[in-house]
Every structure is written in structure tokens, then in C-alpha cells.
Amino acid sequence: MSATQKRNIPISLPSMGQEEWEALKDPVFSGWITQGPKVAQFEKLFAERHGVKHALAVSNCTTALHLALVALGVGAGDEVIVPAFTWVSTANAVMYCGAKPVFIDIDPVTFNIDVNQLRSKITAKTKAIIPVHLFGLCADVDKIKEIAPELKIVEDGACAAGAALNGTAAGALGDIGCFSFHPRKSVTTGEGGMLTTNDDALAEKLNCLRNHGASISEEQRHKGPRPYILPEFDMVGYNYRMTDLQGALGVVQIQKLDTFITERQDWANYYNEQLKDIEWLRTPVYDAKYKHGWQSYVLFIDEAKAPMSRNDMMEYLQQQGVSTRPGTHAVHMLGYYANTFGIKPQDYPGAYAANEYSMSIPLHNKMTADDFEYIVTLLKAL
Ligand SMILES: Cc1ncc(COP(=O)(O)O)c(C=O)c1O
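Numbered according to my numbering, the sequence shown spans residues 59 to 440.
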């Protein structure tokens, strides 16, 4: 197929094959399919890759965010600062705790939290902040620590496996990191999530919380092997565990993460170069202190100069076989949040603009050189 021939390019595709297939045989044939040795191996590899002491696998990133907030003691009456432009679960996790999400605007150039507005959002009730490393670019957590050292930081690194800021990996920047292995992420286990922390006590608590609140006391642990040790249940926990089937996939995928990111970086460079002279779009902008994880490649469309609106462009590209998406959502504009908190779209102009004018184009490891060329040709011809 030549690069000009019409084809179907999905916005994302998991990169899985024979190795993942083979890896599933172990849990399937051994019968150990709930959280077990494969999850433990995945956690170890993930922790090593991200330079953290502890990694704890969970069912998805939303449950990771929930557990992180519970472990930090966030509850009714507390406020948690979240960016107004993110996937809805960043704010939902705050609601699960009975706390209030306090939105902060984003910088529409990086799509990440605007740290300059942080001070004005902090009140006596503020317990934590969830900076989101959107599309694989870390939020400026170093600046957040400088501005508000008193705040607990839960990194929403759903999109940021393998990303870094000033040489420190996502997940090692705040108190707790949260990751997603949904199929739109660079590495996937179908659904799945990971918590990271360098704090032993938090890790212990998160471990209990993900498993119904069950813990084995030191005393019990040292009594030696017995048929069954009755755990203690000192807290109300959840069942947010990852299965060993997912763990087996994770073990293979995490070892491919750096190859995936390198390939994505190369193709992001290609897009940047090819699209840089189109005056009605802006390619991703970020400082050299960041290592981008390239979960998504997101353009900003200047509708005043563009030949058509962002929505018409998405429609047109779909007709040509190219799947696109808005970057993500302005959560303050979503029905529940707008109605509950009486927020207007323009209250967060950066998030509003990103909501209306961002467009994610395909970038994944199953794409061919012709696929990339086809997309570039379509955009240039508009
Ligand atoms: C920024 C962000 N946070 C949280 C999530 C939730 O992740 P999961 O689907 O694993 O619950 C996503 C998923 O897309 C996301 O993009």
C-alpha cells in the first residue's frame, strides 16, 4: 500500500503479540490467576524502572487515585486541587472520598496544571494536589513543591509510564504515583493500574487497602508456616487487586516500555518537523527538562486561521480513515461538575480552549511509516 492510499488508522492500538500470548500460559495452566507471583514480578520491574521503593498493582488508575487519597487521609470537608483539563476520574476519585475537587486552570500550551495559579487555590481545607502528567508530559511537580511544600502530592501519571522531570521518573516525584494500563496507554494489561511510593508506611497501608483492608501482623508472620493465617481487618478496604493474568502481560509489556517510547519519540519528531509550517496548528511544546512519555500526540487548532473547525476536521479525517480525539475533557464543563459546583465554561479559559481546540492524532507502535506519511499528507492538504 502506498502512503497516499486510503487506510484505517485507529487512534491507538496495543502492541502485543506472541510474547504476551506465551506469558498468559503460565497463570492459565498453573491455575494461579488472582494476584500472585506474576503481579509481584510486574511490580518489581515497574518499581525498578521508575526508581521507586514500592510499586503496588491495582485494577486501574482510577482505583489507584482513590486508594492514594484514602491512604493520605483525605475525607469529608477536605479540598483537593485538580486540573480542570483531565480525564474525569482525577476529579471523581476526590468525590469518592467525600472531599471537594478544587479546579485549577491549565497552561493551554503544555496542557498541564498552571503552577502560577496554585497559591490562590490553597485554603485551610486543602489536603492534597493531583498534578496530572497529561499525554505523557510530566506536570512541573518540582515547582509545585517549591510553591506549596505543605501539600501532599498524588501524581496522576495515568499517561506517563517512563516519563521524567529533571531526571526523576514520573511516580517518584510526589508522595504517591498512579498509573494506568488501559489499552490507550503505551503499555497495557487490558485494564490495570499501579501505585508507586518511596514511603514504607504508605506502601503498607496501600497494600492493605487494595485487599479488603486485610493485613497479617508481624507477630502472626513470625509464627512460621501454618495452613491458614487469619488476617486482621483494621480498616475498611476495597478489592482493587490486579489479576495474575494481567500481571503476566505487564511483565512482558514493561520490558518493552523504553523501546515503545523511543519509537514514539522518533515519530513525534517526524510529526513536529512535518507539521511545523502549518500556521493554523501548534505541535506539542515542552522544555528540555522533561522526558516525554508520548502516550498521545496532541495538536492545538487555531480556528481563526484553520480551513475548518476542529470538529469538522475530526469528521473529515475520520472519513479519510484517520481516527482522532479531542485531547481530553474540561472536567468543569461536564454535566455533573458544572451543575454541582455552578462552574461556567469560561471560568477556566485554558481548559476551555483545550477542550474546544485540541486534537489528538494517531501515535502508536503498530503504525507504519506510510501511516504517518498519510496523516501528514492529509493535514498539509487541508
Ligand atoms: C489523566 C488520566 N487519569 C486517570 C485515568 C484513568 O485511568 P483508568 O482507565 O486506568 O482508570 C485516565 C485514563 O485515561 C487518564 O487519562
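Even glycine gets a Cβ: it sits at the ideal position worked out from N, Cα and C.
Secondary structure at C196, three-state DSSP: helix, strand or coil? For this step, residue 196 is matched to residue 138 along the sequence shown. It is coil, neither helix nor strand.
Distance, Cα to Cα, N423 vs D324? Here the question's residue 423 lines up with position 365 in the sequence shown. Here the question's residue 324 lines up with position 266 in the sequence shown. Roughly 11 Å separates the two Cα atoms.
By alpha-carbon positions, which one of T301, V173, T168 and C119 ends up nearest to A151? To locate residue 151, count along the sequence shown from 1; it is residue 93. Nearest to A151 by C-alpha distance, out of T301, V173, T168 and C119, is C119.
Please determine, among H390, A396, T398 and I401, the residue with the shortest C-alpha to C-alpha distance to A412. Counting from 1 along the sequence shown, the entry for residue 412 is found at position 354. Measuring from the Cα of A412, the nearest candidate turns out to be H390.
Would you call the CB atoms of Q378 and L339 closer than 7 Å? Residue mapping note: residue 378 aligns to position 320 of the sequence shown, counting from 1. Residue mapping note: residue 339 aligns to position 281 of the sequence shown, counting from 1. No, these two residues do not count as a Cβ contact at 7 Å.
Sheet register partners of D214 (DSSP bridge): As a first step, residue 214 is located in the sequence shown; it is residue number 156 there, counting from the start. Partner(s): V190 and C236.
Best match in Q63, D345, T148 and T246 for proximity to K314 [C-alpha to C-alpha]: Within the sequence shown, residue 314 is the residue found at index 256, counting from 1. Ranking Q63, D345, T148 and T246 by Cα distance to K314 puts T246 first.
Three CB pairs or more closer than 8 Å across the region 222–236 and the region 70–79: no
How about A409 and A388: are their beta carbons less than 7 Å apart? Translated into positions along the sequence shown, residue 409 becomes position 351. Translated into positions along the sequence shown, residue 388 becomes position 330. Yes; because the gap between Cβ atoms is below 7 Å, this pair is in contact.
For Q404, count neighbouring Cβ atoms within 10 angstroms of its own Cβ and tell me buried if that reaches 16, exposed if not. Numbered from 1 along the sequence shown, position 346 holds the residue referred to as residue 404. Classification for Q404: exposed.
What do you get for S60, buried or exposed, if any count of 16 or more other CB atoms within 10 angstroms of its CB means buried? Reading the sequence shown from its first residue, position 2 is the one you call residue 60. Label assigned to S60: exposed.
Entirely within the region 81–167 and at least 4 residues each: give me those alpha helix (DSSP H) ranges in chain order. 95–108, 119–129 and 147–154
Give the straight-line distance between the Cα atoms of A216 and L125, rounded to the nearest whole angstrom. For this step, residue 216 is matched to residue 158 along the sequence shown. For this step, residue 125 is matched to residue 67 along the sequence shown. So the two alpha carbons sit approximately 14 Å from each other.
Work out the CA separation of K402 and E213 for me, nearest whole Å. Counting from 1 along the sequence shown, the entry for residue 213 is found at position 155. Counting from 1 along the sequence shown, the entry for residue 402 is found at position 344. Going by the C-alpha atoms only, they are around 26 Å apart.
Check each candidate in M371, P207, I234 and I336 and name the one with the smallest Cα separation from S416. Against the sequence shown, residue 416 aligns to sequence position 358. For the residues M371, P207, I234 and I336, the minimum Cα distance to S416 belongs to M371.
In this structure, how does DSSP classify N174 when only helix, strand and coil are distinguished? The count along the sequence shown starts at 1 and reaches residue 174 at position 116. Three-state result, N174: helix.
Please determine whether the Cβ atom of V190 lies at a distance below 6 Å from any heavy atom of ligand 3. Ligand 3 is absent from the structure shown, which contains only ligand 1.
Using CA atoms only, rank isn't needed, just tell me which of Y395, T386 and I188 is closest to P166. Residue mapping note: residue 166 aligns to position 108 of the sequence shown, counting from 1. Of Y395, T386 and I188, the residue nearest in Cα terms is T386.
Could you pull the start and end residues of the alpha helix (DSSP H) that V310 belongs to? Within the sequence shown, numbered from 1, the residue matching residue 310 stands at position 252. Note, V310: alpha helix (DSSP H), D302 to I312.
Mind checking Y348: buried by the 16 CB within 10 Å criterion, or exposed? Locating residue 348 in the sequence shown gives position 290, counting from the first residue. Buried, since its Cβ has 16 or more Cβ neighbours within 10 Å.
In its own chain, which residues sit with a C-beta less than 6 Å from the C-beta of E204, not counting the 5 before and 5 after it? The residue given as residue 204 occupies position 146 in the sequence shown. Here the set comprises nothing.
If you reduce the DSSP assignment to three classes, tell me which class L445 lands in. The requested residue 445 does not occur in the structure, where the chain is confined to residues 59 to 440.
Of the choices G94, S178, T382 and G131, whose alpha-carbon is the least far from that of A157? As a first step, residue 157 must be located in the sequence shown, where it is residue number 99. Looking at G94, S178, T382 and G131, the one whose alpha-carbon comes closest to that of A157 is G131.
Measure the alpha-carbon distance for H350 versus I319 and round it to whole angstroms. In the sequence shown, residue 350 corresponds to position 292, counting from 1. In the sequence shown, residue 319 corresponds to position 261, counting from 1. So the alpha carbons of these two residues sit roughly 8 Å apart.
With a threshold of 6 Å on Cβ separation, who are the neighbours of L192 within its own chain once the five nearest residues in sequence on each side are excluded? Here the question's residue 192 lines up with position 134 in the sequence shown. Close CB contacts of L192 within its chain, under the 6 Å cut and outside five residues either way in sequence, are with F169 and N170 (chain order).
Leaving out the 5 sequence neighbours to the left and right, which residues in its chain are closer than 7 Å to S275 when beta-carbon positions are compared? Mapped onto the sequence shown, residue 275 falls at position 217. Contacts found: E290.
Within 10 Å of its beta-carbon, does T181 have 16 or more other beta-carbons around it, so buried, or fewer, so exposed? Position 123 of the sequence shown, counted from the first residue, corresponds to residue 181. A residue is called buried once 16 or more other Cβ atoms fall within 10 Å of its Cβ, and T181, having fewer, is exposed.
Which partner residues of V380 appear in the DSSP bridge assignment? Counted from its first residue, the sequence shown places residue 380 at position 322. In DSSP, V380 forms a bridge with I67.
In whole angstroms, what is the alpha-carbon distance linking R65 and A364? As a first step, residue 65 must be located in the sequence shown, where it is residue number 7. As a first step, residue 364 must be located in the sequence shown, where it is residue number 306. Taking C-alpha positions only, R65 is separated from A364 by approximately 24 Å.
Y355 lies in the beta strand (DSSP E); which residues open and close that run? Here residue 355 refers to the residue found at position 297 of the sequence shown. Counted as a single uninterrupted DSSP element, the beta strand (DSSP E) harbouring Y355 occupies residues Y355 to I359.
May I ask which residues mark the beginning and end of the alpha helix (DSSP H) holding I319? As a first step, residue 319 is located in the sequence shown; it is residue number 261 there, counting from the start. That run of the alpha helix (DSSP H) goes L315 to L333.
Pull up the DSSP beta-bridge partners for F291, would you. For the purposes of this step, residue 291 is identified with residue 233 of the sequence shown, where counting begins at 1. When beta bridges are read from the DSSP output, F291 appears opposite A272.
Indicate the three-state DSSP secondary structure (helix, strand or coil) for M252 in the structure shown. Walking along the sequence shown from the start, residue 252 turns up at place 194. M252 falls in the strand class under three-state DSSP.
What does DSSP give as the partner residue(s) for L223 in the beta ladder? The count along the sequence shown starts at 1 and reaches residue 223 at position 165. Beta-bridge pairing links L223 to T226 and Y348.
Span of the beta strand (DSSP E) around I419: Residue numbering aside, residue 419 sits at position 361 when the sequence shown is read from its first letter. Unbroken beta strand (DSSP E) run through I419: S416 to I419.
Can you list, in chain order, the residues of its chain with a C-beta nearer than 8 Å to that of E249? Leave out the 5 residues immediately preceding and following it. Taking the first residue of the sequence shown as 1, we reach residue 249 at position 191. These residues qualify, in order along the chain: S117, N118, F239, H240 and Q304.
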